[in-house]
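Novice: After the structure tokens below, expect a handful of questions from me.
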Amino acid sequence: MPRALITGITGQDGGYLAEQLLADGADVHGLVHEQDEAAAAFASSYPSVSLHVGDLADGDRLRGLVGEIEPDELYNLAGISSVAFSWEHPVLTAELSGVAAAVLFQAAFRLQERTGRQVACVQASSSEIFGVARTFPQDESTPVRPVSPYGAAKAYAHHIAGVYRSKGLHVTSCILFNHESPRRPTTFVTRKITATAARIGADGSGVLRLGNLEARRDWGWAPDYVDAMVRAARHDVGGDFVIATGRTHTVAEFAEAALRHAGVGDAWRDHVEVDPELLRPMDTAEMVGDAGKARRELGWEPTVDFEEIVGRMVDHDVELLRKDA
Ligand code: GDR
342 MPRALITGIT GQDGGYLAEQ LLADGADVHG LVHEQDEAAA AFASSYPSVS
392 LHVGDLADGD RLRGLVGEIE PDELYNLAGI SSVAFSWEHP VLTAELSGVA
442 AAVLFQAAFR LQERTGRQVA CVQASSSEIF GVARTFPQDE STPVRPVSPY
492 GAAKAYAHHI AGVYRSKGLH VTSCILFNHE SPRRPTTFVT RKITATAARI
542 GADGSGVLRL GNLEARRDWG WAPDYVDAMV RAARHDVGGD FVIATGRTHT
592 VAEFAEAALR HAGVGDAWRD HVEVDPELLR PMDTAEMVGD AGKARRELGW
642 EPTVDFEEIV GRMVDHDVEL LRKDA
């Protein structure tokens, strides 16, 4: 049975990935930070996953763990995931979302040299590496030109993945466009919208305060994106793959769909306000991905459309409110 090591296992994607790999019969290991508040709950939900405490900024610890666990598959999902947060902490973002990838690939390469067994690595890259793209949709040949500290850190990790690939490591960079689920924290716009929409729908009052309403994003369903990463790890060769739906909607359209689904109807606009404090120093106006290569080579395709994603997330938040009451 394959042995997998997942960094960032307690995040949205880490949980879905652990579930998929466990269902496949894999021996799943995860890296958790000692101050990760989600670790205890994760351990009780997934008792068969082996959790290892370590800090992404501690290179010796990371190298030691990869050498001890000897994974067949290594998924690097950890790091700072909020673009907004990265503006406040650019150096930390560079260390955790950028440099740590180099440590992991170097460790995987050494392990492969030592054992003679392939270590397939997957880097959870991001559409943010394209910054303000000049071509639409974006694909694997779109120039990497980030415009946020987060995008710059992810761009470094994306490039170092390519460097280790040319050295002989099976490493894939999955360029993930936005992907959502009820497990998204409310620091991201979709879950903030659905959690607030559920509350507004319940009592007909309240306001949804948002920043840039006109930003267009290509929103997909997180478990589909995790499935793409597993397919990439098991593909014959490593490479770069854009993972996206190819369809975009504005933040305002997401808010409208969520508020309508929560039962607010045509009055939805009265409940949305723009808060200038929530505007970012630099924001990409539109991101839309062409996942043609992943469709052709990995046999991957998105299975849940925009309306369904919004509906599932709102329904989950309505249910949470009902339980709380
Ligand atoms: P993003 O996701 O930055 O694209 O990164 P986020 O949901 O934070 O923002 C999407 C868009 O919505 C606009 N926006 C707001 N965003 C937040 N968080 N809160 C608000 O109130 C708000 N109002 C408007 C933002 O300006 C932006 O344009 C996500 C993360 O998952 C990354 O880790 C991942 O790499 C990329 O998607 C692809």
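Count along the sequence shown from 1, add 341, and you get the number used in our numbering. A virtual CB, placed ideally from N, CA and C, is assigned to each residue, including glycine.
Between the segment 496-510 and the segment 584-592, do at least 3 Cβ pairs fall closer than 8 Å?
Specialist: no
Novice: Does ligand 1 have a heavy atom nearer than 7 Å to the CB of Asp624?
Specialist: Along the sequence shown, one-based indexing puts residue 624 at 283. Indeed, a heavy atom of ligand 1 lies less than 7 Å from the Cβ.
Novice: To which residues does DSSP link Gly561 through a beta bridge?
Specialist: Counted from its first residue, the sequence shown places residue 561 at position 220. His520.
Novice: Can the beta-carbon of Val432 be found less than 8 Å from the beta-carbon of Gly400?
Specialist: Locating residue 432 in the sequence shown gives position 91, where the first residue counts as 1. Locating residue 400 in the sequence shown gives position 59, where the first residue counts as 1. For Val432 and Gly400, no; Cβs fall outside 8 Å.
Novice: Since Pro487 and Ala493 should fall inside the 8 Å C-beta cutoff, what is the C-beta to C-beta distance between them, to a whole number of angstroms?
Specialist: Indexing the sequence shown from 1 puts residue 487 at position 146. Indexing the sequence shown from 1 puts residue 493 at position 152. About 5 Å; that satisfies the 8 Å criterion.
Novice: Along the beta strand (DSSP E) that carries Leu620, what are the first and last residues, could you check?
Specialist: Looking up residue 620 in the sequence shown gives position 279. Counting along the chain, Leu620 sits inside no beta strand (DSSP E), nor does DSSP assign it H or E at all.
Novice: Any idea what DSSP makes of Val424, helix, strand or coil?
Specialist: Within the sequence shown, numbered from 1, the residue matching residue 424 stands at position 83. Correct three-state label for Val424: helix.
Novice: How is the alpha helix (DSSP H) around Asp544 delimited, first residue to last?
Specialist: As a first step, residue 544 must be located in the sequence shown, where it is residue number 203. Residues 530-544.
Novice: Looking at the strands, I want to know which residues DSSP matches up with Asp368.
Specialist: Working through the sequence shown from its first residue, we reach residue 368 at position 27. Partner(s): Arg344.
Novice: Following the continuous alpha helix (DSSP H) through Phe582, name the residue where it begins and the one where it ends.
Specialist: For the purposes of this step, residue 582 is taken as the residue at position 241 of the sequence shown. DSSP places Phe582 in no alpha helix (DSSP H) but in the uninterrupted beta strand (DSSP E) bounded by 581-584.
Novice: Return the residue from the list Pro526, Leu415, His602, Ser514 that minimises the CA-CA distance to Ala538.
Specialist: In the sequence shown, residue 538 corresponds to position 197, counting from 1. Of the candidates Pro526, Leu415, His602, Ser514, the one whose C-alpha sits nearest the C-alpha of Ala538 is His602.
Novice: Short of 7 Å in beta carbon distance, which residues of its chain neighbour Asp377, apart from the five on each side in sequence? Order them along the chain.
Specialist: As a first step, residue 377 is located in the sequence shown; it is residue number 36 there, counting from the start. Counting only Cβ-Cβ distances below 7 Å, and skipping sequence neighbours, we find Thr351.
Novice: Among the candidates Asp368, Glu411, Ala379, whose CA atom is the shortest distance from the CA of Ser391?
Specialist: Position 50 of the sequence shown, counting from 1, holds the residue named residue 391. Comparing Cα-Cα distances from Ser391 to each of Asp368, Glu411, Ala379, the minimum goes to Asp368.
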